[in-house]
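Undergrad: Residue numbers (the numbering used here), protein chains in the order written: chain S, 1 to 265; chain Y, 1001 to 1379.
In this text, a Cβ means the ideal position worked out from N, Cα and C, and glycines have one as well.
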Amino acid sequence: MKILVTAKRVEDPESKIKVKPDGSGIVGEGLKYKINPFDEIAVEESLRLVAKFPGEVVVVSIGGKEVHEQLRHALAMGATRAVWVNHPGALDQMAIAGLLQKVAEKEKPDLAILGKQSIDDDQSQVGQYLAEWLNWSQATFASKVESFESDAEKNKVPALVVSADLKSVRVVREVDGGLNTLDCKLPAVVTTDLRLNQPRYASLPGIMKAKSKPIEELTPATLGVDVTPKLTVTRMSSPPPRKAGIKVPDVATLVSKLKNEAKAF
Amino acid sequence: MNFDLSDEEKSFQATARKFSKDVVRPKAAHFDETSTFPKDIIKAGWELGLMNMTVSLELGGAGLSHFAQVLVAEELAWGCAGVATSMIANDLALLPVILSGSKEQHERFVKPFTEAFKLTSFALTEPSAGSDVAGLTTTARREGDHYIVNGQKQWITNGEYADQFSLFCTTDKAKRHKGLMCLVVEGRPQGLTVGKHENKMGQRASNTVTLTFEDVKVPVKNRIGEEGEGFSIAMATLDNSRPLTAMFAVGIARAALEHSIEYAKSRQQFGKPIADFQAIQFMIADMAKDTHAARLLAYQSACMLDAGQRNTLVSSYGKCFAADTAMRVTTDAVQVFGGYGYSKEYPVEKLMRDAKLVQIYEGTSQVQRLVMARELLKG
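1) Are there 16 or more other CB atoms within 10 angstroms of the CB of Q93(S), so buried, or fewer, so exposed?
2) What residues match up with G1341(Y) in a beta bridge as DSSP calls it?
3) Considering only C-alpha positions, which residue in the set M77(S), P158(S), S118(S), I62(S) is nearest to A95(S)?
4) Taking only beta-carbon positions, decide if S1011(Y) is within less than 8 Å of chain S.
5) Between which two residues does the alpha helix (DSSP H) harbouring K1010(Y) extend?
6) Looking only at its chain, what residues have a beta carbon closer than 7 Å to the beta carbon of Q125(S), apart from the 5 residues adjacent to it on each side?
7) If we ignore side chains and look at the alpha-carbon of each, how far apart do P265(S) and K247(S) end up?
8) Relative to the alpha-carbon of R1328(Y), which residue among T1036(Y), M1287(Y), E1107(Y), Q1368(Y) has its alpha-carbon at the smallest distance?
9) Taking only heavy atoms of the ligand GTP into account, decide whether any of them is closer than 7 Å to the Cβ of Q138(S).
10) Grab me the residues of Q1278(Y)'s own chain with a C-beta within less than 7 Å of its C-beta, minus the 5 sequence neighbours each way, in chain order.
11) Just to confirm, is the Cβ distance from A1084(Y) to A1249(Y) under 8 Å?
12) Sorted by chain position, which residues of the same chain lie with C-beta nearer than 8 Å to G185(S)'s C-beta, five sequence neighbours on each side aside?
13) For T1054(Y) and chain S, any beta-carbon pair shorter than 8 Å?
14) Please report the straight-line C-alpha distance between G1082(Y) and A1253(Y), rounded to a whole angstrom.
15) Distance cutoff 8 Å, beta carbons only. Does R1049(Y) sit that close to anything in chain S?
16) Hey, does R72(S) have any beta-carbon neighbour from chain Y nearer than 8 Å?
17) Measure from the alpha carbon of N1150(Y) to the alpha carbon of each residue in L1211(Y), N1090(Y), I1041(Y), then state which is nearest.
18) Quick check on the DSSP output: the alpha helix (DSSP H) that includes T1264(Y) runs from which residue to which?
19) Taking the beta strand (DSSP E) that M1382(Y) falls in, what are its first and last residues?
20) Counting C-beta neighbours from all protein chains within 10 Å, is the total for D1022(Y) 16 or more, i.e. buried, or is it exposed?
21) Output, in sequence order along the chain, the residues in the segment 14-43 of chain S whose CB is closer than 8 Å to any CB in chain Y.
22) Helix, strand or coil: which one does DSSP assign to N1052(Y)?
23) Residues of chain A with a CB under 8 Å from the CB of A1062(Y): which are they?
24) Hey, which unbroken runs of the alpha helix (DSSP H) at 4 residues or more fall wholly within the segment 58-92 of chain S?
25) Give the residues of chain S in contact with F1019(Y), contact being defined as C-beta atoms less than 9 Å apart.
26) Run down chain Y in chain order and give the residues with a C-beta less than 8 Å from the C-beta of K65(S).
27) Pull up the distance between the alpha-carbon of R9(S) and that of D39(S), whole angstroms please.
28) Interface residues of chain S around T1015(Y) at Cβ under 9 Å?
29) Just checking: is the beta-carbon of E1262(Y) within a distance shorter than 8 Å of some beta-carbon in chain S?
30) Since K154(S) meets chain Y, which of its residues come closer than 8 Å, beta carbon to beta carbon?
31) Do the CB positions of G1217(Y) and I1156(Y) come within less than 8 Å of each other?
32) For a contact meaning CB atoms closer than 7 Å, what does E1431(Y) contact in chain S?
33) Determine the DSSP secondary structure at Q117(S), reduced to helix, strand or coil.
34) Kindly say whether K8(S), judged by its beta-carbon, lies nearer than 8 Å to any beta-carbon of chain Y.
35) DSSP has L1119(Y) in a bridge; who is on the other side?
36) Does K213(S) have its Cβ less than 8 Å from a Cβ in chain Y?
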């Protein structure tokens, strides 16, 4: 089985994120970066599937040379090889999906697994565009019924249930109303939600093996994709600071404030 | 001289840090309170490759540098010094075999620990022989192709869970250091009794026991090196482990420093955060300065090992300074927390109790000063 999986480089939420005074973006200085947690879950799921259906996990990331860090992390977890789309500039979701479409058409995987969204822009668009443009089925917000304490999780059983003939996959999706189960024909695009699995650590032997795994360099030009942004961010601002709470003397005052000030009912 | 970590070293450090933060630290208080052995955590660390790092590739280790190992040691100790000691004491126990054993002994006594999760123990200290290593009285009497061992060992880390012991004993007490010998004791031979787990002030997750040897038969082919070489084998082992012990102290100190900074920014007195007061600022500055100085000494002593240089003096600087620093830093951390620091509900008093041991084991701060003075004044 061949799986294409993404490893986006995102700001580490443990870094203090500050908006630039001119509202044009966030302050980059002093920030730490990591692999998008939802992509890490995607890599983990891919590794579990390929343990069951031997094949390849190809991890892809888009950006400048610094994304090699995230590719090496995925390789250290156990991915087979990496693809680096070298483009250090700004990208909107359509450009990203366009680049991934070309990579998918080149690699011809059985499954493309992406994080449902990345924790920087939180757009949740790329997987959907990708499926649409490849004309593949899509199953977004893939989750798992079994808890993380279950034997299924401890034994790293894949949550995506691929048929023995590699022709379809059953995905349980986490949606607002509950759980929605879809059977998709392969190839398909699946996007991962938080409760799909617990990603493994990059073991030290894994880190050492990753050094010699290949990273193929591609560019928007070699892929034939125009990445001119169709979207521009005009302004970024911090949410207003949380106001302190107030104490009220009695229930009547509480009801009045809820009705007249908070407009709660 | 480049003080930056390589990408690979950064990755090792990141894995150890994540493991320490997600797996070790959340359970640290529990294992401290109950003084129980975190076997599952240690096993998980073994599975990630955080143990046996410097064991050669041929013997199933990762063949990594001492520097890479000290990076990991700091992260593990940051999570819990007791867990770090348990994991690294295993590596320490393999060192005599690795440094002075034959190829055949490497296969028999080192490989099993890289192939499966097992623990080994370093058995040197005795009830009446701590700093005075040469004064140890566990005797080994040769009888044909066996030694008959009698004696007692004290403060033995991992003893209860060990499948193998690197034992130091004497064939002739009168010869003092020239009589010492290193034997590998396998499993639980007849006559070996493992005593009760000590109720310690700190590093309580670490299993510490006495060992009693009553006419224990150990094959002569389990002897590492020759009779009379035991002292130099022990000393060579400690040269290797001193950088690691120093880094435990750095990890403990860093944890204490981080807690103190966070607390100082949020605790308000006299209408402002206590971080605004110079008394606290100066304490925090000194804590950070000394922790980093200790770290750099430990880094250098590890790099010297990697370069094949004799590191006795620098590693002694490192172990002594780092241990004494950790004691000062953790004591100051309790002070920054004030009354809350004194309570077990807050994390810093454990750090102070954990730090104390680092001034004592692996050569007390006093013995380190003797080692340094001897190096500086000899010849």
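TA: The relevant details are as follows:
1) Numbered from 1 along the first sequence, position 93 holds the residue referred to as residue 93(S). With 16 or more Cβ atoms within 10 Å of its Cβ, Q93(S) is classed as buried.
2) Here residue 1341(Y) corresponds to residue number 341 of the second sequence, with the count starting at 1. In the DSSP output, where bridge partners are listed per residue, G1341(Y) has none listed.
3) Taking the first sequence and counting its residues from 1, one reaches residue 95(S) at position 95. Shortest Cα-Cα distance from A95(S) to any of M77(S), P158(S), S118(S), I62(S) involves I62(S).
4) For the purposes of this step, residue 1011(Y) is taken as the residue at position 11 of the second sequence. Using beta-carbon distances, S1011(Y) counts as an interface residue toward chain S, with a partner under 8 Å.
5) The residue given as residue 1010(Y) occupies position 10 in the second sequence. 1007-1019 is the span of the alpha helix (DSSP H), which, as asked, contains K1010(Y).
6) Residue numbering aside, residue 125(S) sits at position 125 when the first sequence is read from its first letter. Excluding positions up to five away in sequence, the list reads Q93.
7) Looking up residue 265(S) in the first sequence gives position 265. Looking up residue 247(S) in the first sequence gives position 247. For the record, residue 265(S) in the displayed sequence is Phe; it is not Pro. Approximately 20 Å, taken between the alpha carbons.
8) Counted from its first residue, the second sequence places residue 1328(Y) at position 328. When only C-alpha atoms are compared, the closest one is M1287(Y).
9) For the structure depicted, the ligand GTP is absent and the ligand set is empty, with no information on it obtainable.
10) By one-based count along the second sequence, residue 1278(Y) stands at place 278. Only residues of its own chain outside the window of five on either side were considered, and among them none has a CB closer than 7 Å to the CB of Q1278(Y).
11) As a working mapping, residue 1084(Y) is identified with position 84 in the second sequence. As a working mapping, residue 1249(Y) is identified with position 249 in the second sequence. If you check the CB distance, A1084(Y) and A1249(Y) do not come in under 8 Å.
12) Indexing the first sequence from 1 puts residue 185(S) at position 185. Per the sequence shown, the amino acid found at residue 185(S) is Lys instead of Gly. Non-local C-beta neighbours of K185(S) in its own chain, meaning closer than 8 Å and more than five positions away in sequence, comprise S137, K167, S168, ordered along the chain.
13) By 1-based counting over the second sequence, the position of residue 1054(Y) is 54. Any Cβ of chain S closer than 8 Å to the Cβ of T1054(Y) would place that residue at the interface, and such an atom is absent.
14) Here residue 1082(Y) refers to the residue found at position 82 when the second sequence is read from its first residue. Here residue 1253(Y) refers to the residue found at position 253 when the second sequence is read from its first residue. G1082(Y) and A1253(Y): Cα-Cα distance of roughly 14 Å.
15) Here residue 1049(Y) corresponds to residue number 49 of the second sequence, with the count starting at 1. Per the sequence shown, residue 1049(Y) should be read as Gly rather than Arg. True, the Cβ-Cβ gap to chain S drops below 8 Å.
16) Sequence index remark: in the first sequence, residue 72(S) carries index 72 (1-based). It does; some Cβ of chain Y falls within 8 Å.
17) On the second sequence, position 150 is the one that residue 1150(Y) refers to. Residue L1211(Y) is the option with its Cα nearest to N1150(Y).
18) Position 264 of the second sequence, counting from 1, holds the residue named residue 1264(Y). What sits at residue 1264(Y) in the sequence shown is Ala, not Thr. Residues 1230-1266.
19) Residue numbering for chain Y in the displayed model covers 1001 to 1379; residue 1382(Y) lies beyond these limits and cannot be assessed.
20) Walking along the second sequence from the start, residue 1022(Y) turns up at place 22. D1022(Y) is exposed by the Cβ-count criterion.
21) For the segment 14-43 of chain S, the set of positions with a beta-carbon nearer than 8 Å to some beta-carbon of chain Y is empty.
22) As a working mapping, residue 1052(Y) is identified with position 52 in the second sequence. Reduced to three states, the DSSP call for N1052(Y) is coil.
23) This model lacks chain A altogether, as its protein chains are S and Y.
24) Residue ranges of uninterrupted alpha helix (DSSP H) with 4 or more members, entirely inside the segment 58-92 of chain S and ordered along the chain, are 68-77.
25) Here residue 1019(Y) refers to the residue found at position 19 when the second sequence is read from its first residue. Scanning chain S for C-beta atoms nearer than 9 Å to the C-beta of F1019(Y) yields Y201, reported in chain order.
26) If you number the first sequence from 1, residue 65(S) lands on position 65. Within 8 Å Cβ-Cβ: nothing; K65(S) doesn't reach chain Y, min ~11 Å.
27) Residue numbering aside, residue 9(S) sits at position 9 when the first sequence is read from its first letter. Residue numbering aside, residue 39(S) sits at position 39 when the first sequence is read from its first letter. If you draw a straight line from the Cα of R9(S) to the Cα of D39(S), it is about 10 Å long.
28) Position 15 of the second sequence holds residue 1015(Y). Those within 9 Å of T1015(Y) in chain S are A76, Y201, A202, S203, L204, G206, I207.
29) Along the second sequence, read from residue 1 onward, the residue named residue 1262(Y) stands at position 262. Not one chain S Cβ lies under 8 Å of E1262(Y).
30) Here residue 154(S) is taken as the residue at index 154 of the first sequence, counted from 1. The CB of K154(S) never comes closer than 8 Å to any CB in chain Y; the least such distance is about 12 Å.
31) In the second sequence, counting from the first residue as 1, residue 1217(Y) sits at position 217. In the second sequence, counting from the first residue as 1, residue 1156(Y) sits at position 156. Before going on, a small fix: residue 1217(Y) reads as Lys here, not Gly. K1217(Y) is not a Cβ neighbour of I1156(Y), given a cutoff of 8 Å.
32) With chain Y running from 1001 to 1379 in the structure shown, residue 1431(Y) is simply not present.
33) As a working mapping, residue 117(S) is identified with position 117 in the first sequence. Reduced to three states, the DSSP call for Q117(S) is coil.
34) Reading the first sequence from its first residue, position 8 is the one you call residue 8(S). Cβ-Cβ to chain Y under 8 Å: no for K8(S).
35) Reading the second sequence from its first residue, position 119 is the one you call residue 1119(Y). The secondary-structure analysis by DSSP pairs L1119(Y) across a beta bridge with A1162(Y).
36) What you label residue 213(S) is simply residue 213 of the first sequence in a count that begins at 1. Chain Y, which has no Cβ nearer than 8 Å to the Cβ of K213(S), makes this no.
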